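> Just dropping this structure here.
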Amino acid sequence: MNTLYIRVRRTSLIAGLLVLLLTMASQAQDGEVKVPFLFSDDETLDQTELNKVIPRSRDLQGDPYLNAPMTRLEYMLTMLETGLNSEQDRSVVHKQLSDAFEYSRAKLPKTVSTTGFARYSRETGRIAVGYRIEGVGKPKKAMRTTCDDILSKLKIVAPQGDMGYLYHNTVLGVLAQDDYSKYTPALEILERSIVHKVILVSQTEELRVTHALICQRTGKDAPIQYYRYSFKLPEEDRS
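Heads up: the sequence shown runs through residues 26 to 264, numbered per our numbering.
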């Protein structure tokens, strides 16, 4: 499937939707009996042709940054990040969290947030790939154990070595227009550039106490490194 096919398909879908909307409007005007809304507040609303009243702007078209082309690396990272945030991949992480933390049920509940990321750093020249997990409650076991476990799962979706054809299948997308072997040298550079990272943030005592642990592995056979911090908010800051 190439870019042209996707654009044509997208255009066809949009055209189809427009035809459907025009057909519905035509049917409403040609012989259909008008049905009033149930409430007068709805029925007496002033009609507005919504698209016509939107103030026009050329700011987006004129901004050089917003109109700069996306690099192939940026495209690949977008594909990788999308995969990390898929329901399937996040469900694996959620299972480990449910076994490792007591989710908070305090007066100030906070939904557990799990966000996958794949971001290039100009400072290091490397790509941080992993998860930021916030809002988990009291740990049932050492946070280090959970951080290490989730870090190990990243080897499956974003290997730092022995990738085979995994990246060919997961990050190339529409860029794959030739034999896979053509892309292997570039993808091997991508593979060597990846740093696995997991950020765990536990909050307890009605979210006033925070314990955060970050673990990372900079290469396939590199040791795991850690950074931790913790703090407690004053009683009056709970609101």
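The C-beta atom is built at its ideal place from N, Cα and C for all residues, glycine as well.
If you're wondering where the values come from, they're calculated on a predicted model, not measured in any experiment.
(1) Considering only residues of the same chain and omitting the five flanking positions on each side of Tyr192, which have a CB-CB separation below 6 Å?
(2) Among all the DSSP beta bridges, which residues are the ones paired with Arg144?
(3) If we count the other Cβ atoms within 10 Å of its Cβ and call it buried at 16 or more, is Ile224 buried or exposed?
(4) Tell me, please, which residues DSSP counts as bridged to Lys163.
(5) Do Val182 and Gly160 have their beta-carbon atoms positioned less than 9 Å apart in this structure?
(6) Are at least three pairs of beta-carbons, each pair with one atom in the segment 171-191 and one in the segment 77-88, less than 8 Å apart?
(7) Using C-beta distances below 7 Å, list every residue in its chain close to Leu197, excluding the 5 sequence neighbours before and after it, in chain order.
(8) Between the Cα of Cys240 and the Cα atoms of Ile158, Thr69, Ala93, Met95, which residue gives the shortest distance?
(9) If I measure Cβ to Cβ from Arg253 and keep anything under 6 Å in the same chain, skipping five residues before and after, which residues do I get?
(10) Compute the Euclidean distance between the alpha carbons of Asn194 and Met104, then round it to the nearest angstrom.
(11) Taking the Cβ atom as the reference point for each residue, do Gln228 and Gly162 lie within a distance shorter than 9 Å?
(12) Spatial neighbours of Asp114 within its chain, please: CB distance less than 8 Å, with the 5 preceding and 5 following residues excluded, ordered by chain position.
(13) By how many angstroms is the C-alpha of Leu75 removed from the C-alpha of Lys245?
(14) Is there at least one non-hydrogen atom of the ligand ATP closer than 8 Å to the beta-carbon of Arg81?
(15) Return the CA-CA distance between Pro248 and Arg242, expressed in angstroms with no decimal places.
(16) Tell me whether Val199 sits in a helix, a strand or coil according to DSSP, three-state version.
(17) What number of angstroms, rounded off, separates the C-alpha of Lys257 from the C-alpha of Val234?
(18) Taking 9 Å as the cut-off, decide whether the C-beta atoms of Gln121 and Thr73 are in contact.
(19) Can you look up Tyr190 in the DSSP assignment and give me helix, strand or coil?
(20) Our contact map puts Lys166 next to Glu127 with C-beta atoms below 8 Å; I'd like the distance itself, whole angstroms only.
(21) Alpha carbon to alpha carbon, what distance is there between Glu230 and Gly87?
(22) Report the rounded CA-to-CA distance for Leu215 versus Pro259, giving the unit in angstroms.
(23) Which full runs of the alpha helix (DSSP H) of 4+ residues lie inside the segment 60-92, going along the chain?
(24) Could you please give the first and the last residue of the uninterrupted beta strand (DSSP E) stretch that includes Tyr251?
(25) Please state the DSSP three-state secondary structure of Gln241.
(26) What separation, rounded to the nearest whole angstrom, lies between the Cα atoms of Ile152 and Ala201?
In brief:
(1) Stepping through the sequence shown from its first residue, residue 192 is reached at position 167. Excluding residues within five positions, the ones whose Cβ falls inside 6 Å are Leu212.
(2) Within the sequence shown, residue 144 is the residue found at index 119, counting from 1. BP columns for Arg144 point to Ala153.
(3) For the purposes of this step, residue 224 is identified with residue 199 of the sequence shown, where counting begins at 1. Buried is the call here.
(4) In the sequence shown, the residue the question calls residue 163 occupies position 138. Paired residues: Glu127.
(5) As a working note, residue 160 is residue 135 in the sequence shown. As a working note, residue 182 is residue 157 in the sequence shown. Their beta carbons are not under 9 Å apart, which means Gly160 does not touch Val182 by this criterion.
(6) no
(7) Your numbering for residue 197 matches position 172 in the sequence shown. Cβ within range, chain order: Tyr208.
(8) The residue given as residue 240 occupies position 215 in the sequence shown. Of Ile158, Thr69, Ala93, Met95, the residue nearest in Cα terms is Ile158.
(9) Here residue 253 is taken as the residue at index 228 of the sequence shown, counted from 1. Result list for Arg253: Leu238, in chain order.
(10) Here the question's residue 194 lines up with position 169 in the sequence shown. Here the question's residue 104 lines up with position 79 in the sequence shown. The alpha-carbon atoms of Asn194 and Met104 are separated by roughly 10 Å.
(11) Taking the first residue of the sequence shown as 1, we reach residue 228 at position 203. Taking the first residue of the sequence shown as 1, we reach residue 162 at position 137. Taking 9 Å as the Cβ cut-off, Gln228 and Gly162 qualify as a contacting pair.
(12) For the purposes of this step, residue 114 is taken as the residue at position 89 of the sequence shown. If we look at Asp114 and ignore the five residues flanking it on each side, its Cβ neighbours are Gly108, Gly141, Val182.
(13) The residue you call residue 245 lines up with position 220 of the sequence shown. The residue you call residue 75 lines up with position 50 of the sequence shown. In a straight line, the C-alpha of Lys245 is about 55 Å away from that of Leu75.
(14) In the structure shown, the ligand ATP is absent, as is every other ligand, since no ligand is present at all.
(15) Mapped onto the sequence shown, residue 248 falls at position 223. Mapped onto the sequence shown, residue 242 falls at position 217. Distance between the alpha carbons of Pro248 and Arg242: 6 Å.
(16) For the purposes of this step, residue 199 is identified with residue 174 of the sequence shown, where counting begins at 1. DSSP places Val199 in helix when its eight states are reduced to three.
(17) Here residue 257 refers to the residue found at position 232 of the sequence shown. Here residue 234 refers to the residue found at position 209 of the sequence shown. Going by the C-alpha atoms only, they are around 4 Å apart.
(18) Mapped onto the sequence shown, residue 121 falls at position 96. Mapped onto the sequence shown, residue 73 falls at position 48. Their beta carbons are not under 9 Å apart, which means Gln121 does not touch Thr73 by this criterion.
(19) The residue you call residue 190 lines up with position 165 of the sequence shown. In this structure, Tyr190 counts as coil in the three-state DSSP scheme.
(20) Taking the sequence shown and counting its residues from 1, one reaches residue 166 at position 141. Taking the sequence shown and counting its residues from 1, one reaches residue 127 at position 102. With a Cβ gap of about 11 Å, Lys166 and Glu127 do not count as contacting.
(21) One-based indexing of the sequence shown puts residue 87 at position 62. One-based indexing of the sequence shown puts residue 230 at position 205. Computed Cα separation, rounded: 50 Å.
(22) Locating residue 215 in the sequence shown gives position 190, counting from the first residue. Locating residue 259 in the sequence shown gives position 234, counting from the first residue. Cα to Cα, Leu215 sits roughly 45 Å from Pro259.
(23) 65-68, 84-87
(24) As a working note, residue 251 is residue 226 in the sequence shown. It spans 249-257 - the beta strand (DSSP E) in which Tyr251 sits, taken as one unbroken run.
(25) Locating residue 241 in the sequence shown gives position 216, counting from the first residue. In the structure shown, Gln241 sits in a strand (DSSP, three-state: E or B).
(26) Within the sequence shown, the letter at position 127 stands for residue 152. Within the sequence shown, the letter at position 176 stands for residue 201. Roughly 21 Å separates the two Cα atoms.
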